[in-house]
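Remarks on the structure that follows.
Numbering (the working numbering), first residue to last: 116 to 171.
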């Protein structure tokens, strides 16, 4: 592999890691705000667990 291909591969890996971490933070904050802190009633903003149960 040449230097350009190695750089592109590292960028893709970095982008993938940042994407996964961003999704985890999003769902974590969503869960924290709804299921733990109860900032809004369930009928206004359900928790991610409730959304998954409704999908199933």
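Note that CB positions come from ideal geometry on N, CA and C, so glycine has one too. These numbers were taken from a predicted model, which means no experiment stands behind them.
Could you have a look at residue i and say whether DSSP puts it in helix, strand or coil?
| i | result |
| --- | --- |
| residue 159 | coil |
| residue 170 | helix |
For residue i, report the span of its alpha helix (DSSP H) as first-last.
| i | result |
| --- | --- |
| residue 139 | 118-146 |
CA-CA distance, residue i and residue j?
| i | j | result |
| --- | --- | --- |
| residue 149 | residue 123 | 39 Å |
| residue 161 | residue 137 | 20 Å |
| residue 118 | residue 127 | 14 Å |
| residue 147 | residue 156 | 13 Å |
| residue 163 | residue 152 | 14 Å |
| residue 154 | residue 131 | 31 Å |
Verify the CB distance criterion: does residue i have a CB-CB separation below 8 Å to chain C?
| i | result |
| --- | --- |
| residue 164 | Protein chain content of the structure displayed is limited to a single chain, and chain C is not contained in it. |
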